[in-house]
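Note that the protein sequences, when read in sequence, are chains G and C.
For reference, each letter of the first sequence is one residue, going 105 to 217 in the working numbering.
For reference, each letter of the second sequence is one residue, going 158 to 274 in the working numbering.
Backbone N, C-alpha and C fix where the C-beta goes; we use that ideal spot for every residue, glycine too.
The structure appears below as structure tokens.
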Amino acid sequence: AQSVTQLGSHVSVSEGALVLLRCNYSSSVPPYLFWYVQYPNQGLQLLLKYTTGATLVKGINGFEAEFKKSETSFHLTKPSAHMSDAAEYFCAVKKAGNTPLVFGKGTRLSVIA
Amino acid sequence: GAVVSQHPSRVICKSGTSVKIECRSLDFQATTMFWYRQFPKQSLMLMATSNEGSKATYEQGVEKDKFLINHASLTLSTLTVTSAHPEDSSFYICSAHRAGTSYNEQFFGPGTRLTVL
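And the structure:
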């Protein structure tokens, strides 16, 4: 079975500081990995995804993530936090085919002025 | 492309009534759709997998008689919460699989906020 662990339910950073949201996965097969962002009372927005190829993936809004198979990790980073980045972030994993995404518990990012 | 809509976006109903939520893939066909539920400040939990033309597959602990799923066409799946009670109040999100890639990308609807009084 696949699973996702997001370390830290709440991360707080200062505006302009580095954002690092941690995600580790467990999968018996090569995984497809995703990061989503959810603003209050809204649906999910895809930030980025890793499917195949380059292990460093760039997404929207300046976010990027690196797939590290040896560490079973897919941490999300952004060099400089902006106030508008404050939201809930979910890491998710899936297998190939018509299989559902399995989500981590989420990390709430707060950005302090 | 790859837009998924949900209707209604928000619904308030009295306890004991039934509520139907529609999930539509607007510009692609989806043989598989998924229904998730999200309680406040929690993650998305998969409720069921909806396959066009066949019965839905429910996750453990989800009552199939309470959450009726119908996937009658390649662009529409419906979730009916029967005899809703306050504990069913939640954010319900659907997603639709677009075939054609090895990972069968999943696209999410904007969600439906259900409040049962």
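Best match in the options for proximity to residue i [C-alpha to C-alpha]
{"i": "Ala159 of chain C", "options": "C:Ile178, C:Tyr193, C:Leu271 and C:Gly266", "result": "C:Gly266"}
{"i": "Leu148 of chain G", "options": "G:Ile216, G:Phe207 and G:Ser214", "result": "G:Phe207"}
{"i": "Val133 of chain G", "options": "G:Val197, G:Leu152 and G:Arg212", "result": "G:Val197"}
{"i": "Gln199 of chain C", "options": "G:Ser184, G:Ser107 and G:Ser113", "result": "G:Ser113"}
{"i": "Gly166 of chain G", "options": "G:Cys127, G:Ser188, G:Gly157 and G:Ala158", "result": "G:Ser188"}
{"i": "Met190 of chain C", "options": "C:Ser207, C:Ile169, C:Phe196 and C:Ser247", "result": "C:Ser207"}
{"i": "Thr142 of chain C", "options": "C:Cys251, C:Thr188, C:Asn227 and C:Glu220", "result": "Here chain C comprises residues numbered 158 to 274, so residue 142 of chain C is not present and cannot be evaluated."}
{"i": "Gly210 of chain C", "options": "C:Thr188, C:Phe264, C:Leu225 and C:Met202", "result": "C:Thr188"}
9 Å Cβ cut-off: residues of chain C touching residue i
{"i": "Gly208 of chain G", "result": "Ser200"}
Proximity test, Cβ basis, 8 Å: residue i and chain G
{"i": "Ile250 of chain C", "result": "yes"}
{"i": "Thr206 of chain C", "result": "yes"}
Interface partners of residue i on chain B, CB under 8 Å
{"i": "Gly266 of chain C", "result": "Protein chains G and C are contained in the structure displayed, whereas chain B is not."}
Where residue i meets chain G, residues with beta-carbon distance less than 9 Å
{"i": "Leu203 of chain C", "result": "Pro204, Leu205, Val206 and Phe207"}
Backbone CA spacing between residue i and residue j [nearest angstrom]
{"i": "Thr237 of chain C", "j": "Gln146 of chain G", "result": "21 Å"}
{"i": "Asp222 of chain C", "j": "Thr239 of chain C", "result": "8 Å"}
{"i": "Ser175 of chain C", "j": "Ala241 of chain C", "result": "6 Å"}
{"i": "Leu122 of chain G", "j": "Arg212 of chain G", "result": "15 Å"}
{"i": "Glu168 of chain G", "j": "Thr181 of chain G", "result": "5 Å"}
{"i": "Tyr249 of chain C", "j": "Ser184 of chain G", "result": "33 Å"}
{"i": "Pro204 of chain G", "j": "Ser246 of chain C", "result": "23 Å"}
{"i": "Asp276 of chain C", "j": "Val273 of chain C", "result": "Shown here, chain C extends from 158 to 274; a query on residue 276 of chain C therefore has no answer."}
{"i": "Val236 of chain G", "j": "Gly210 of chain G", "result": "Because chain G spans 105 through 217 in this model, residue 236 of chain G falls outside it and cannot be assessed."}
{"i": "Lys173 of chain G", "j": "Trp139 of chain G", "result": "16 Å"}
{"i": "Tyr193 of chain C", "j": "Val115 of chain G", "result": "25 Å"}
{"i": "Pro197 of chain C", "j": "Lys162 of chain G", "result": "30 Å"}
{"i": "Gly257 of chain C", "j": "Leu152 of chain G", "result": "19 Å"}
{"i": "Ser118 of chain G", "j": "Gln110 of chain G", "result": "21 Å"}
{"i": "Lys130 of chain G", "j": "Tyr154 of chain G", "result": "Per the sequence shown, residue 130 of chain G should be read as Ser rather than Lys. Spanning the two alpha carbons is a distance of roughly 15 Å."}
Contact list for residue i against chain G, beta-carbon separation under 8 Å
{"i": "His242 of chain C", "result": "Result: empty, since nearest Cβ-Cβ is about 22 Å, beyond 8 Å."}
{"i": "Phe191 of chain C", "result": "Pro204 and Leu205"}
{"i": "Gln263 of chain C", "result": "Lys198, Pro204 and Leu205"}
{"i": "His254 of chain C", "result": "Asn202"}
CB contact below 8 Å: residue i versus chain C
{"i": "Phe178 of chain G", "result": "no"}
{"i": "Phe171 of chain G", "result": "no"}
Per-residue contacts from residue i into chain C (C-beta, under 8 Å)
{"i": "Phe194 of chain G", "result": "Ser200 and Leu201"}
Residue i beta carbon near the ligand SAH (any heavy atom closer than 7 Å)
{"i": "Ala105 of chain G", "result": "With respect to the ligand SAH, the structure offers nothing, as it holds no ligand at all."}
Completely contained alpha helix (DSSP H) runs for the stretch 193-268 of chain C, where each covers 4 or more residues: none
Tell me the start and end of each unbroken beta strand (DSSP E) in the stretch 123-179 of chain G that is at least 3 residues and wholly inside, in chain order. 123-130, 136-142, 148-154, 160-162 and 168-172
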